[in-house]
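Step one of this worksheet: look at the structure below.
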DNA sequence: TGTATTTAATCTATAAAACAGAACATATAT
DNA sequence: ATATATGTTCTGTTTTATAGATTAAATACA
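Residue numbers (my numbering), protein chains in the order written: chain X, 2 to 111; chain A, 2 to 111.
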């Protein structure tokens with residue numbers, strides 16, 4: 002079976018998908034990762050992760066219709082599932098809980 | 002080279018280490034992961050991660066002296082470095098930022 | 001019509017992180 | 001001495017993460 006917890010990149014991709022409600026797709030996720038975090042992910046990395054998230058039931062996808070824009074291939078539209086939301090919340094809550102137990106020295110005095 | 006970002010498990014282990022200031026060690030981390038999250042990690046997984054974190058300069062370790070407890074081998078004591086603290090803060094800030102942009106529908110209505 | 005351009009997914013291969021548990025080491029108690 | 005407790009280190013495997021080349025499908029326009 003697959004892992005019970007979201008990997009680091011899986012969580013990032015899923016957060017971006019959650020942000021876009023149900024109009025997310027591969028290349029957009031790629032761009033958004035860069036805009037939101039400054040980090041460059043390749044389309045290959047994003048796609049592999051999307052496949053994995055779908056297998057785990059954390060997202061659902063289907064091919065969009067023809068665009069009214071310039072041109073190009075149909076998008077694979079992505080939306081987060083309830084299980085995906087739960088997974089994000091669980092991950093967040095776990096870390097919030099741990100941060101509360103870390104002493105203040107974390108805010109390093111120079 | 003290694004990855005620029007903390008992996009999911011790396012972050013968890015580093016949070017536990019931060020919590021313990023400078024009295025952390027392998028088996029304790031193992032136990033704490035279970036107590037804090039309910040999740041069972043093996044000592045092998047923890048140790049491999051400690052080695053990785055040290056290579057990355059996010060923690061420092063050295064062997065402790067003889068214990069005054071029951072018995073047993075010396076502990077490898079672990080403490081987080083400034084780079085480690087920065088890494089945790091960066092990871093947290095990135096996610097806090099993303100969460101702020103996720104619509105309320107995340108809190109699912111039944 | 002047909003060919004260039006744009007947009008985007010899919011495929012192939014590799015590296016890094018996560019995981020499991022056996023083996024080994026080093027204390028103390030008796 | 002040797003049993004027991006505590007803890008690290010080692011070996012091997014699976015899952016995630018990464019990169020970028022290739023393929024596909026739509027529109028524009030000559």
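Every residue, glycine too, gets a C-beta built ideally from N, C-alpha and C. Because the structure is a prediction, the values reported are computed rather than measured.
Check	Outcome
Bounding residues of the beta strand (DSSP E) (the contiguous stretch that carries residue 78 of chain A)	77-81
Neighbour-count burial assignment, residue 47 of chain X, 16 or more Cβ in a 10 Å radius	buried
Residue burial classification, residue 19 of chain X (beta-carbon count within 10 angstroms, cutoff 16)	buried
Integer-rounded CB distance, given that residue 15 of chain X should sit under 8 Å from residue 89 of chain X	6 Å
Min CB distance residue 56 of chain A to chain X below 8 Å	no
Distance, residue 35 of chain X Cα to residue 42 of chain X Cα	7 Å
Coarse secondary structure for residue 116 of chain X, derived from DSSP in three states	The shown model of chain X, from 2 to 111, leaves out residue 116 of chain X, and the question about it has no answer.
Nearest-angstrom beta carbon gap, residue 60 of chain A and residue 51 of chain A [assumed within contact, 8 Å]	7 Å
Close beta carbons around residue 64 of chain A, own chain, < 7 Å, minus the five adjacent residues each side	75, 77
Residue 10 of chain A classed as buried or exposed, judged by whether at least 16 other C-beta atoms fall within 10 angstroms	buried
Range of the contiguous alpha helix (DSSP H) that encloses residue 32 of chain A	27-38
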